[in-house]
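Residue numbers (this note's numbering): 16 to 95.
Pasting the structure below:
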C-alpha cells in the first residue's frame with residue numbers, strides 16, 4: 016500500500032470525507048475505528064462480530080474436566 020498525502024476539509028460537525036479509493040483499499044464500511052496517536056489519527060476498519068465469534072474462546076470446557084471444574088459450573092448458574 017503506497018502512502019500518499021491528500022488534503023481534505025474538516026466539515027461542520029467535525030466530519031472528514033475520505034477518498035473513495037482509500038475506503039475501498041482499507042476495506043472500510045459504514046463504521047470505522049478511530050485511534051488517537053502521537054502522529055495523528057489512525058482510521059481502521061471495524062469488523063462486526065457475531066456473538067459466536069465474541070465468545071469463541073470463552074468458557075471452554077476441558078475434555079476430561081476435574082471434579083473441581085465441574086463444581087464451578089452448576090445447572091442453576093444461569094445469566095438472564
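Beta carbons: idealized from backbone N, C-alpha and C, even for Gly.
Problem - Helix, strand or coil at residue 50 [DSSP, three-state] - result: Looking at residue 50 - three-state DSSP - the assignment turns out to be strand.
Problem - Rounded C-alpha distance that separates residue 72 from residue 27 - result: Looking at the two C-alpha atoms, the distance is approximately 42 Å.
Practice task
Taking 8 Å as the cut-off, decide whether the C-beta atoms of residue 31 and residue 23 are in contact.
Solution key: Taking 8 Å as the cut-off, the beta carbon of residue 31 is found closer than this to the beta carbon of residue 23.
Problem - For residue 33 and residue 39, the rounded distance between their alpha carbons - result: Spanning the two alpha carbons is a distance of roughly 10 Å.
Exercise for the section: Look at the alpha carbon of residue 44 and the alpha carbon of residue 61, and state the distance between them as a whole number of angstroms. Expected result: Rounded to whole angstroms, residue 44 and residue 61 show a C-alpha spacing of 7 Å.
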